[in-house]
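Accompanying notes for the structure given below.
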Amino acid sequence: MTLVSLLGEYWASLAAFGVFGLLHSIGAREPFKDCLAQWTSPFFVEHFWRFLYCALSYVALYYGVASLHWARHPENDIWLAVYPDWLWQLMTVLHLGSVALMYVAFLQSDYLEFLGLRQGGRGLLALLGRPARQPKLELFGTHRLVVRGVYAWVRHPMMVGGLLFLLTSGPSVNNLIYTAMYAMYMAIGGYYEERRMARIFGEDYRRYQARVGAFFPRLWCRPVE
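Residue numbering for the sequence shown follows the numbering used here, starting at 1 and increasing by one per position.
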């Protein structure tokens, strides 16, 4: 199977993943949210956009891209290699470790805020005439820089966990192609996210970049305590 034949076979899922990655990145950026606030209202963007953004991302990725990728190529789910027992056990440990890494990063980022549930709850209370007290720090309101815990080892632990999860899944053609797409989005999306964070947090984030690797721990640097 050549690269040209793979591109011809997977062009639909490649294009869908590219569109998803583009829209996913645009939807998280301040210029888009400013335009959306003018079209709807600042109140809507502040309280309900994050939840809608996460819901749309989930539907697009798992019911759009995934259906085009896996559902159209069931014959390519067959494993290309059979692991020896010791390697299979190691891969299983790493696979479970990737889930743990994503879960810890998810909790540390405040999962209610990550999913937009906290913001939505405040919005509903405000609509009912019972405005909640605004928190002093909001991660996804871009007022807090998390540099401890798993973020003291890598700057993007959720992305790293996702890549490790895919790398330690079954070695089928479908999974290898999807892993390559994810790695490409991870590199491109990470680059623009780094620029965004440096613009928001300035010198604090640049010092953080100097101490902590984006996707791989810098073992020669002491993690943030």
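Even glycine gets a Cβ: it sits at the ideal position worked out from N, Cα and C.
Keep in mind that this is a model prediction, so the values were computed, not measured.
With a threshold of 16 other CB atoms inside 10 Å of the CB of residue i, please say whether the residue is buried or exposed.
| i | result |
| --- | --- |
| I200 | exposed |
| F17 | buried |
| R118 | buried |
| Y58 | exposed |
| S228 | With the chain represented from 1 up to 225, any question about residue 228 goes unanswered, as that position is not in the structure. |
| Y208 | buried |
| G21 | buried |
| V45 | buried |
| V65 | buried |
| S109 | buried |
| F216 | exposed |
| S41 | exposed |
| V19 | exposed |
| Y151 | buried |
| Y10 | buried |
| K136 | Low local confidence applies: a pLDDT of 43 at K136 is under 50, so the model's placement there is unreliable, and no value is given. |
| A71 | exposed |
| V93 | exposed |
| F43 | exposed |
| Y182 | buried |
| A105 | buried |
Thinking just about the alpha-carbon of each residue, which of the options is nearest to the one in residue i?
| i | options | result |
| --- | --- | --- |
| P171 | Y83, F215, Y185 | Y83 |
| S67 | E203, P42, L94, L14 | L14 |
| V147 | L56, G8, Y205 | Y205 |
| T168 | L80, L90, Y62 | L90 |
| H47 | H73, G213, L115, M197 | L115 |
| H73 | G190, L3, A12 | A12 |
| L56 | K33, A210, H24, L80 | H24 |
In the DSSP output, which residue or residues are listed as bridge partners for residue i?
| i | result |
| --- | --- |
| S172 | W79 |
| V45 | DSSP, once it has assigned bridges, lists no residue as partnering V45. |
| V146 | Beta-bridge pairing links V146 to no other residue. |
| V4 | V4 is not bridged to any residue. |
First and last residue of the alpha helix (DSSP H) that includes residue i?
| i | result |
| --- | --- |
| W86 | 85-108 |
| W11 | 11-27 |
| Y111 | 111-114 |
| L68 | Careful: L68 lies outside any alpha helix (DSSP H) and carries neither H nor E. |
| F165 | 157-167 |
| G120 | 117-127 |
| P217 | Neither: P217 is in no alpha helix (DSSP H) and is coded neither H nor E. |
| L61 | That residue, L61, is in no alpha helix (DSSP H); it is neither H nor E in DSSP. |
| A37 | 30-39 |
- Message: Would you call the segment 154-169 in contact with the segment 184-201, where contact means no fewer than 3 C-beta pairs closer than 8 Å?
- Response: yes
- Message: Below 8 Å, how does it come out for the segment 165-182 and the segment 118-130: are there three or more Cβ pairs, yes or no?
- Response: no
- Query: Any contact of the segment 72-91 with the segment 29-41, i.e. 3+ C-beta pairs under 8 Å?
  - Reply: no
- Task: Assess, as a yes-or-no matter, whether the segment 96-106 is touched by the segment 160-169 under the definition of 3 or more beta carbon pairs within less than 8 Å.
- Result: yes
- Does the segment 41-53 come within contact of the segment 120-127, defined as at least 3 CB pairs closer than 8 Å? yes
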